[in-house]
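**Student:** Starting off with a structure, shown below.
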Amino acid sequence: MGIFNKSSSEEAAPKGVNDHVHEKTAPREDVEVGEIKEENKYAYDDSRKLGITGAVFLILNKMIGTGIFSTPSSIFAATGSVGVSLMLWVIGGFLTFCGLSVWLEFGLAIPRSGGEKNYLEHVYRHPKYLATCVLASQMILLGFSSGNSLAFGRYILYASGNEVKDSYKARGVGVACVTFAVVLHAVLPKWGIRLFNVLGVFKVAVLVFIVFSGFAALAGRRLVPDPHNFDNAFAIESGEGYGGGGAYAYSNALLNVIYSYKGWENANYVLSEIRDPRRTLTIAAPLAVGGVTVLYVLANVAYFAAIPKSELATSEVIVAGLFFKNVFGDSAGARTLPAFVALSNLGNVLAVSFAHARLNQELGKEGLLPLSRLWGSNKPFNSPAAALFLHWIVTIIVLLAPPPGPAYNFIVNLYTYPGAWINTFVAAGLIYLQYQKSEPWEPGWRTWLPVTVIFMLCNAFLAIVPFIPPADGDFWAEGYPYYVFPVVGVGVLLLGAVYWALWTKFWPAVKGHKVVAERIVDEQGVEVIRYRKVKTHVA
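The opening position of the sequence shown corresponds to residue 1 in the UniProt record's numbering, with each subsequent residue numbered one higher.
Printed below as a string of structure tokens:
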């Protein structure tokens with residue numbers, strides 16, 4: 001039995017699931033229903049919806065972004081071993097397939113935009129909306145495009161012959177990158193989809209070019225001496241900038257690998273805008289993830305074929321740029337190659353902003369946010385312009401706030417870490433649904449239990465181990481205390497619980513009313529959200 005297993009009831013969603021999805025909020029017995037404050041309609045013609053090709057490129061564009069062109073340096077620096085580094089990339093691909101199987105089962109059972117928001121709501125129903133508020137805190141405050149925007153700026157400067165290190169000049173270029181992406185998706189949504197489809201083809205071509213250039217480097221076609229990185233490849237060494245970090249370093253390395261694979265879940269965030277989601281998702285997602293896994297492993301082989309260990313460990317974001325330099329030299333022609341990597345980063349920013357804005361919009365549709373009607377609106381361009389603006393604000397803050405220095409690794413860890421907690425609870429929820437007897441669970445896809453358990457335990461490991469001090473005792477190795485990103489990540493999740501208490505208990509008691517969102521899908525498939533002002537009875 002493999003990772004992916006279709007069940008016999010492929011076309012039927014579990015009984016009760018769609019009811020739970022479409023009629024999200026009903027007034028309780030202790031409330032009085034008031035007037036309708038506003039009504040928003042959401043309808044998309046087929047020309048706006050994604051087919052198999054669009055879904056593949058939506059996933060590819062988020063997966064192939066900064067990570068594979070930048071994180072191999074930090075992964076090798078943490079492990080000090082060529083063989084172990086390559087094994088971590090293989091393990092990352094396997095864990096991605098495990099997670100994909102879990103998300104496919106949920107996505108085919110609940111075919112609606114929002115991703116894990118819907119899955120957590122379906123499993124953790126009490127206290128009502130607590131899980132949703134925790135996820136909302138993570139997705140809004142930490143669901144940014146800062147890492148790829150920063151890498152875009154640094155690769156553009158590198159290609160133009162300017163500075164390589166992190167600086168506010170690079171961040172300024174990054175601001176322009178994310179601003180362009182958000183404005184395009186808001187004003188010309190069809191063109192936003194077309195552009196990330198084109199860039200999806202382009203970035204796959206860049207990766208294939210790196211892979212074949214690596215084969216040439218292995219055959220001796222390079223402008224530097226043979227680095228001999230594959231001699232005794234699994235030896236664990238310490239040198240300039242690499243090795244000796246212990247369990248903490250390995251967990252960081254695996255977080256960076258997972259960051260590079262992030263995006264496999266991207267289509268689940270926009271299922272309402274995908275044609276025939278059952279067929280499309282089961283074909284597009286495994287195809288995209290399988291292709292990316294092979295390219296990632298081979299690209300790392302290419303880097304090790306041309307870059308000496310000490311240079312690789314200290315190259316930070318510009319790994320691909322250093323690879324091009326060692327293989328093709330420092331000519332003007334060779335310097336244009338990093339500009340292609342920058343375009344790949346732009347494609348990732350387009351894909352992330354497209355998907356995360358839809359999740360922000362879903363939270364607004366539920367009435368979960370302050371100014372929910374604004375964030376849930378499709379006005380004025382029949383696109384989630386306000387939700388895109390919210391994504392832009394958070395991205396700009398995270399991009400500009402850290403001081404110049406090793407900001408990229410911090411941003412990567414901060415972006416990835418809270419997801420380990422969320423993934424753990426989603427996987428645990430799926431195990432519960434498969435074995436509970438209180439309601440039927442017969443989705444169109446069945447995940448093998450060991451696969452779900454492996455995914456859950458690996459994410460639990462990634463959630464806990466970053467609190468363990470580095471083995472070498474260097475608590476400030478990256479320019480900040482080792483515990484900063486796990487503490488901030490957990491703090492953001494706990495902030496969601498605090499917000500839940502304020503939103504569901506404190507504010508309604510003080511104001512004497514709350515705004516309730518009612519979701520209806522009519523016979524034509526048009527989604528209607530009605531916001532009602534509801535009085536609360538205070539005993």
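Where is the CB? At the ideal position from N, CA and C, for every residue including glycine. Please read these numbers as outputs of a predicted model, since none were measured by experiment.
1) Which term fits Y124, buried or exposed, when burial requires 16 or more other beta carbons within 10 angstroms of its beta carbon?
2) Under 6 angstroms from any heavy atom of the ligand FAD, does the C-beta of G321 make it?
3) Just verifying my parser: in three-state terms, what is the DSSP assignment at E105?
4) Taking just the CA atoms, how far does S146 sit from T395?
5) Using 8 angstroms as the Cβ pair cut-off and three pairs as the minimum, do the stretch 133-140 and the stretch 489-498 touch?
6) What's the call for I75, buried or exposed, on a 16-neighbour Cβ count within 10 Å?
7) Determine the burial state of N256: buried for a count of at least 16 other Cβ atoms within 10 Å of its Cβ, exposed for fewer.
8) Please confirm whether S310 and E366 have their CB atoms less than 7 angstroms apart.
9) Can you tell me whether P384 is buried or exposed, with buried defined as 16 or more other CB within 10 angstroms of its CB?
10) Quick one: using the 10 Å Cβ neighbour count with 16 as the cut-off for buried, is I393 buried or exposed?
11) Can you check DSSP and say which residues form a bridge with I274?
12) Sort P469, F354, L346 and V426 by Cα distance to P189 and report the nearest one.
13) Can I68 and Y296 be called in contact, C-beta distance under 7 angstroms?
14) Looking at V294 and L100, is the spacing between their C-beta atoms short of 7 angstroms?
15) Ordered along the chain, which non-local residues of its own chain (more than five positions away) have a Cβ less than 7 angstroms from that of P508?
16) For N326, which residues in the same chain have their Cβ closer than 7 angstroms to its Cβ, ignoring the five residues on either side in sequence?
17) What do you get for S315, buried or exposed, if any count of 16 or more other CB atoms within 10 angstroms of its CB means buried?
18) What would DSSP say about K325, mapped onto helix, strand or coil?
19) Which term fits K62, buried or exposed, when burial requires 16 or more other beta carbons within 10 angstroms of its beta carbon?
20) Does the distance from the C-beta atom of F234 to that of G83 stay below 7 angstroms?
21) With distances taken from CA atoms, which of Y261, D226, A386 and I422 is nearest Y303?
22) Alpha carbon to alpha carbon, how far is K24 from R171?
23) Quick one: measure Cβ to Cβ for I64 and S377, integer angstroms, because I've assumed they're closer than 8 angstroms.
24) Taking 7 angstroms as the threshold (C-beta atoms), are R275 and K117 in contact?
25) Would you call the CB atoms of V182 and L388 closer than 7 angstroms?
26) Should E439 be labelled buried (16 or more other beta-carbon atoms within 10 Å of its own) or exposed?
27) Give me the Cα-Cα distance between A253 and G243, rounded to the nearest whole angstrom.
28) Are there 16 or more other CB atoms within 10 angstroms of the CB of W421, so buried, or fewer, so exposed?
29) Can you tell me whether DSSP reads V534 as helix, strand or coil?
30) Please give the ranges of any alpha helix (DSSP H) in the stretch 57-105, keeping only runs that are unbroken, at least 4 residues long and fully inside the region.
31) Is it the case that the stretch 424-435 contacts the stretch 450-463, given that we only count it when at least three CB pairs across the two stretches are under 8 angstroms?
32) Could you tell me whether the stretch 92-106 touches the stretch 258-267, using the rule of 3 or more Cβ pairs below 8 angstroms?
33) Could you round the C-beta distance between G153 and G174 to whole angstroms and report it? I think they count as a contact, below 8 angstroms.
34) Give every residue of the same chain whose Cβ lies closer than 6 angstroms to the Cβ of E369, excluding the five residues on either side of it in the sequence, and list them in chain order.
35) Judging by CA-CA distance, which residue of N409, A151, I283 and A357 is the nearest neighbour of Y269?
36) Only counting the same chain, and skipping five residues up and downstream in sequence, which positions put a Cβ closer than 6 angstroms to that of T79?
**Tutor:** On the basis of the coordinates in this document:
1) Along the sequence shown, one-based indexing puts residue 124 at 124. When all chains shown are included, Y124 counts as buried.
2) In the structure on display, the ligand FAD does not appear, and there are no ligands present to speak of.
3) One-based indexing of the sequence shown puts residue 105 at position 105. Reduced to three states, the DSSP call for E105 is helix.
4) The residue you call residue 395 lines up with position 395 of the sequence shown. The residue you call residue 146 lines up with position 146 of the sequence shown. Distance between the alpha carbons of T395 and S146: 5 angstroms.
5) Result yes; three or more Cβ-Cβ pairs closer than 8 angstroms.
6) Along the sequence shown, read from residue 1 onward, the residue named residue 75 stands at position 75. With 16 or more other Cβ atoms within 10 Å, it is buried.
7) For the purposes of this step, residue 256 is identified with residue 256 of the sequence shown, where counting begins at 1. It counts as buried.
8) Taking the first residue of the sequence shown as 1, we reach residue 310 at position 310. Taking the first residue of the sequence shown as 1, we reach residue 366 at position 366. No, they are not a contact pair.
9) If you number the sequence shown from 1, residue 384 lands on position 384. By the neighbour-count rule (16 or more Cβ atoms within 10 Å), P384 is buried.
10) As a first step, residue 393 must be located in the sequence shown, where it is residue number 393. With fewer than 16 Cβ atoms within 10 Å of its Cβ, I393 is classed as exposed.
11) Here the question's residue 274 lines up with position 274 in the sequence shown. For I274, which the question treats as bridged, DSSP gives the partners L50.
12) Counting from one through the sequence shown, the residue named residue 189 turns up at place 189. Nearest option by C-alpha distance: F354.
13) The residue you call residue 68 lines up with position 68 of the sequence shown. The residue you call residue 296 lines up with position 296 of the sequence shown. Going by C-beta atoms, I68 is nearer than 7 angstroms to Y296.
14) In the sequence shown, counting from the first residue as 1, residue 100 sits at position 100. In the sequence shown, counting from the first residue as 1, residue 294 sits at position 294. Not in contact: L100 and V294 (Cβ atoms no closer than 7 angstroms).
15) Your numbering for residue 508 matches position 508 in the sequence shown. Around P508: K514 and T536.
16) Here residue 326 is taken as the residue at index 326 of the sequence shown, counted from 1. Counting only Cβ-Cβ distances below 7 angstroms, and skipping sequence neighbours, we find R222, L223, V224, A306 and I307.
17) For the purposes of this step, residue 315 is identified with residue 315 of the sequence shown, where counting begins at 1. By the neighbour-count rule (16 or more Cβ atoms within 10 Å), S315 is buried.
18) Within the sequence shown, the letter at position 325 stands for residue 325. Residue state, collapsed to three classes: helix.
19) Reading the sequence shown from its first residue, position 62 is the one you call residue 62. K62 is buried by the Cβ-count criterion.
20) As a working note, residue 234 is residue 234 in the sequence shown. As a working note, residue 83 is residue 83 in the sequence shown. Yes. Within cutoff.
21) By one-based count along the sequence shown, residue 303 stands at place 303. When only C-alpha atoms are compared, the closest one is D226.
22) Here residue 24 is taken as the residue at index 24 of the sequence shown, counted from 1. Here residue 171 is taken as the residue at index 171 of the sequence shown, counted from 1. Bear in mind that the predicted position of K24 carries a pLDDT of just 42, short of 50, making it unreliable; the figure below should be weighed with that in mind. Spanning the two alpha carbons is a distance of roughly 41 angstroms.
23) Counted from its first residue, the sequence shown places residue 64 at position 64. Counted from its first residue, the sequence shown places residue 377 at position 377. Rounded, the Cβ-Cβ distance is 32 angstroms, inconsistent with contact.
24) As a working mapping, residue 117 is identified with position 117 in the sequence shown. As a working mapping, residue 275 is identified with position 275 in the sequence shown. Contact: no.
25) Working through the sequence shown from its first residue, we reach residue 182 at position 182. Working through the sequence shown from its first residue, we reach residue 388 at position 388. Contact flag set, yes.
26) For the purposes of this step, residue 439 is taken as the residue at position 439 of the sequence shown. Classification of E439: exposed, given that the 10 Å Cβ count is below 16.
27) Here residue 253 corresponds to residue number 253 of the sequence shown, with the count starting at 1. Here residue 243 corresponds to residue number 243 of the sequence shown, with the count starting at 1. The straight-line gap separating the alpha-carbon atoms of A253 and G243 is approximately 11 angstroms.
28) As a first step, residue 421 is located in the sequence shown; it is residue number 421 there, counting from the start. Result: buried.
29) By one-based count along the sequence shown, residue 534 stands at place 534. Correct three-state label for V534: strand.
30) With a minimum length of 4 residues, the continuous alpha helix (DSSP H) runs that stay inside the stretch 57-105 are 67-70 and 72-79.
31) Judged by Cβ distances under 8 angstroms, the stretch 450-463 makes contact with the stretch 424-435, as three or more pairs qualify.
32) Between the stretch 92-106 and the stretch 258-267 there are three or more C-beta pairs closer than 8 angstroms, enough to call the two in contact.
33) On the sequence shown, position 153 is the one that residue 153 refers to. On the sequence shown, position 174 is the one that residue 174 refers to. Indeed, because the Cβ distance is near 4 angstroms, the residues count as touching under 8 angstroms.
34) Here the question's residue 369 lines up with position 369 in the sequence shown. It should be noted that the sequence gives Leu, not Glu, for residue 369. Excluding residues within five positions, the ones whose Cβ falls inside 6 angstroms are L363 and W375.
35) Position 269 of the sequence shown holds residue 269. That would be A357, whose Cα lies nearest to the Cα of Y269.
36) Along the sequence shown, one-based indexing puts residue 79 at 79. Counting only Cβ-Cβ distances below 6 angstroms, and skipping sequence neighbours, we find S85 and A253.
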